[in-house]
Every structure is written in structure tokens, then in C-alpha cells.
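Taking it in order: structure first as C-alpha cells, then the write-up.
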Amino acid sequence: MTRIARLLASAAVAVCTAAAAHATETLTISSWLPPTHPINTGMLEGLVKMMEEATDGQVTGEIKLGLAPPPAQMDLVMDGAADMTVIFHGYQPGRFIGTQLIELPGYPGNAEAASVAYWHVQKAFLDKLDEHRGVKLIALTTHGPGQIHSSKEINTLADLKGLKTRLGGGVSAEVGAELGLVGIQVPAPKVYETLASGAADAVAMNMGERVSFKLNEVAKNVYEMPGGFYRGSFAVLMSQERFDSLPEDVQKALDEKVFGEPASRMMGAVWDQSDNDARAATEAAADNKIVTASAEDQAAFAEMAARVREKVLAQISAAGIDAQAAYDMVMTEMTAAAGN
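Residues -23 to -1, 1 to 317 in mature numbering (1 follows the signal peptide of the UniProt record, and there is no 0) are what the sequence shown spells out, letter by letter.
The following block contains the structure:
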């Protein structure tokens, strides 16, 4: 081999080595939501963009739908069938206790403030429970205030009693019991057909789902409690093994610039935009109606909410967490954010 040939060969090897060192890692992200849902189009796509920017393109993601039903998403990642996923804690009764803290009614403010406060209280208190053991917890979020969307007109709190209502689990089920609702549990993607078939008269969801699940067609009435009847808790999870396989500088960039508060804040902001858009669409629809609870009904619900809060905080305390301090932390952060 001539000297020039040897130099060219060495250069080719160097180029290939450099290219391999910076090869793009594509993470498989599982989602159980409809393709156009904000969790896919806003949150998960937003997360992919954040990862790409933080790692100079060394990490990207591919969202795949329908790999497993909602309750199986965490196991999907633990089994290595997907690298990342988003879960709704309420779909697995008894598996998560601390996550109910953010679902309580009565917090002021929007989903962005709630999601940031949620991450902070997780690090300060709830990590001790290790409820996401086996995976890497990379973001937490909660949708905006949950309201009652119904096919029947609802004008008072008393009108809710006996209403067949799809409830998502967690605190929404506790609130439903206080309201006298007849709870029906089906995954969110089944809500439209459940209402359309008459198997349920109503659904408890945040305002944004009026567009995401076409509730404006099958639940044309909204009974709105200022501050909401509850919130819903979600987490984004990643395979710890997959994360550990990434180069150390990439891990550091993701942990410092994407995972945790940044991703949680982004997801909360997407929820808020979704809620705002859906409210505008509902108000613009001639056959849709929003009824806001009267001052009397708000006071009556505040008493119900207090009983739910006492029960949930007792459960969290029994698990070994200073539940009152954790609750106070969330309330203080969200009150401050709402005042800005």
C-alpha cells in the first residue's frame, strides 16, 4: 500500500469512527392516544424536539401508536418493547398512591403551574415512595381542571346525582362518589362510542378533550366547577437500561436540559392551549352549552372536596409521606403562580 493510500485509508477510518460516535439514537415512544391528540402532536412531538436540540441531533424519537392498551404502557417499557411512554396513573388502581396528590380539587391555576409544582413535590416528597421503580421518570404533568360533559342538560350540582358517568380513576372516582355519580370506567379512547351508544350519560374530563375526543358531538353540555372537580395525573417514563446505554454527555444533556421540570412545564403548557382552544370552539358552537356552578353549589362542592382531600392525604400519610407538607407545597406554588 502506498503512503497516499495509507493516509486515505486512515482518513476514511477516522470519518467512519466520528460518524459512529455521533450516530443518531432513535427512541421508540409508545402512545395509546389518538393520532391527533395533544399528547402526541404537542407533548411527545415537543419532547422529541427538545431532545434533538439538547443533544445536537444525537437523540431523536419515533412515536408509535397501538403497541399496548393504556394500563400496560409501563410494563411495555420495562419489558423493552418501547423505550419511552406516557401513562395515566388512574388506569392502574392501587398501584399509585402519591400521584393522587396533584389530582385533588381546589388547587388554583392552570396545568402548566400544576405540572411544575408536581415535579417539584415529586423530588421533595414523593420520590420516597419509588412508585415508578423499574423505569426512569422523566416528566410529570396534569391536565387542566376536570369538568362534567354530558348528553343531558345539567344546571345544578343536584342534577348530577345518579348520572352514568365515565370516570378515569384516581381522585375522579372519589369525587364521583361524593357527587352521587354512577361511575363507569373505560379508557379515554373509548369515550366517544360509550357516550354515543348511551352506555354513559356523561364523562369527567378537562375542557380540551371536547376537541380531542369530539365531545362537542356527543356531550354538548358542560357543567363547570371553577377550579375543576379534579385533575388527572400523567407521567412520561423511559427505560433505565436504554438511558444508560446512551453516551454520558448525552445523558447529561437530557437530564439537565430536557427531563424533569423543562419537559413537565412544556407538557402543562400544551394542556392549557388545548383547553383554551376547546373552550373557544364550545362557545362558538350554537348547540353546545357551558353552565357554571352557582355560588351555592360551589360552596357545597367545597365541602365534598375537603372530605376527598382528607381521605387522600390520609392514604399518602399512611405510605410514610408528610402528606400535609406536600399538599401545602403544591398549594403555595400554584397560588403564587396564579397570582402572577
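Glycine included, each C-beta is placed from N, C-alpha and C at the ideal position.
Q) Taking DSSP as the reference, what is the three-state secondary structure of Arg286? A) In this structure, Arg286 counts as helix in the three-state DSSP scheme.
Q. Residues bridged to Phe211 by DSSP?
A. Under DSSP, the beta-bridge partners assigned to Phe211 are Phe65 and Thr118.
Q | Close-in-space but distant-in-sequence residues of the same chain around Thr312 (CB under 8 Å, 5 per side omitted) | A | Listed in chain order, the non-local C-beta contacts of Thr312 below 8 Å within the same chain comprise Pro85 and Gly86, local neighbours out to five positions each way being set aside.
Q: Would you mind sorting Lys100 into buried or exposed? The rule is 16 or more other CB atoms within 10 Å of its CB.
A: Lys100 is exposed by the Cβ-count criterion.
Q: Note down the Cα distance separating Val159 from Phe206, rounded to an integer number of angstroms.
A: Distance between the alpha carbons of Val159 and Phe206: 16 Å.
Q | Assigned exposure category for Arg72 - 16 Cβ within 10 Å defines buried | A | With fewer than 16 other Cβ atoms within 10 Å, it is exposed.
Q | Close beta carbons around Asp264, own chain, < 7 Å, minus the five adjacent residues each side | A | Only Lys197 meet the Cβ criterion.
Q.
Among the candidates Ser271, Trp248 and Asp178, whose CA atom is the shortest distance from the CA of Met202?
A. Met202 has its Cα closest to that of Ser271, out of Ser271, Trp248 and Asp178.
**Q.** Classification of Gly297 by the beta-carbon crowding that lies within 10 angstroms, buried from 16 upward
**A.** Within 10 angstroms of the beta-carbon of Gly297 lie fewer than 16 other beta-carbons, which makes it exposed.
(Q) Tell me which residues share the same chain as Ala(-13) and place their Cβ nearer than 7 Å to its Cβ, disregarding the 5 neighbours each side in the sequence. (A) Caution applies to Ala(-13), whose pLDDT of 43 falls short of 50 and renders its modelled position unreliable; the value that the coordinates give is listed next. Nothing listed; no residue qualifies.
Q.
Among the candidates Gly38, Gly153, Asn317 and Ala116, whose CA atom is the shortest distance from the CA of Leu134?
A. Distances from the alpha-carbon of Leu134 to those of Gly38, Gly153, Asn317 and Ala116 put Gly153 closest.
Q: Measure the Cβ-Cβ separation of Gly157 and Gly139 and say whether it is below 9 Å.
A: Cβ atoms of Gly157 and Gly139: closer than 9 Å.
**Q.** As assigned by DSSP and simplified to three states, the class of His126
**A.** The three-state secondary structure of His126, taken from DSSP, is strand.
Q: Please confirm if Gly175 has its CB atom under 9 Å from at least one CB of chain C.
A: Included in the structure is just one protein chain, with no chain C present.
Q | Continuous beta strand (DSSP E) stretch holding Ser271: start and end | A | Bounds of any beta strand (DSSP E) do not take in Ser271, whose DSSP letter is neither H nor E.
Q) Under a Cβ-count criterion, where at least 16 other Cβ atoms within 10 Å of its own Cβ denotes burial, should Ser92 be classed as buried or exposed? A) Taking every protein chain shown into account, the CB of Ser92 has 16 or more other CB atoms within 10 angstroms, so this residue is buried.
Q: Leaving out five residues on either side along the sequence, give the residues of the same chain with a beta carbon under 6 Å from the beta carbon of Ala94.
A: These residues qualify, in order along the chain: Val307, Glu310 and Met311.
Q | Alpha-carbon spacing of Glu273 relative to Ser149, whole angstroms | A | Ser149 has its alpha-carbon roughly 21 Å from the corresponding atom of Glu273.
Q.
Quick check on DSSP: helix, strand or coil for Asn317?
A. The three-state reading of DSSP puts Asn317 in coil, since its state is none of H, G, I, E or B.
Q) Is the number of C-beta pairs between the segment 30 to 37 and the segment 103 to 123 that are closer than 8 Å three or more? A) Here the segment 30 to 37 does not lie against the segment 103 to 123, with fewer than 3 beta-carbon pairs under 8 Å apart.
Q: Between the Cα of Val268 and those of Glu151, Ile131, Pro46 and Val163, spot the shortest distance and give me the residue it belongs to.
A: Of the listed residues, the one whose Cα sits closest to Val268 is Ile131.
Q. So, is Leu53 buried or exposed, given that buried needs 16 or more other C-beta atoms within 10 angstroms?
A. Looking at its Cβ environment, which holds 16 or more other Cβ atoms inside 10 Å, Leu53 is buried.
Q | Sheet register partners of Gly38 (DSSP bridge) | A | In DSSP, Gly38 forms a bridge with Leu4.
(Q) Please report the straight-line C-alpha distance between Met51 and Thr62, rounded to a whole angstrom. (A) Rounded to whole angstroms, Met51 to Thr62 spans 7 Å at the Cα level.
Q.
Quick check: Ala116 and Ala212, are their CB atoms within less than 9 Å of each other?
A. A Cβ-Cβ contact shorter than 9 Å links Ala116 with Ala212.
Q: Have a look at Ala90, Ala302, Gln301 and Met182 and flag the residue whose alpha-carbon is nearest the alpha-carbon of Ala240.
A: The candidate whose alpha carbon is nearest that of Ala240 is Ala90.
Q | Sufficient close CB pairs (3 or more, under 8 Å) joining the segment 8 to 19 to the segment 245 to 261 | A | Verdict: yes, contact present.
Q) Per DSSP, which one or two residues make a beta bridge with Tyr200? A) Per DSSP, the beta-bridge partners of Tyr200 are Ile125 and Val268.
Q: Apply the 10 Å Cβ neighbour rule to Asp56 and answer buried if 16 or more other Cβ atoms are within range, or exposed otherwise.
A: Flag for Asp56 reads exposed.
Q | For Met184, the three-state DSSP class (helix, strand or coil) | A | DSSP places Met184 in the coil class of the three-state scheme, outside both helix and strand.
Q: Return the residue from the list Ser210, Arg286 and His66 that minimises the CA-CA distance to Pro82.
A: Minimum Cα-Cα distance from Pro82 among the listed residues Ser210, Arg286 and His66 corresponds to Arg286.
Q. With a Cβ-Cβ cutoff of 9 Å, do Ser127 and Asp178 count as a contact?
A. Yes.
Q) What is the DSSP secondary structure of Ile79, counted as helix, strand or coil? A) In the structure shown, Ile79 sits in a helix (DSSP, three-state: H, G or I).
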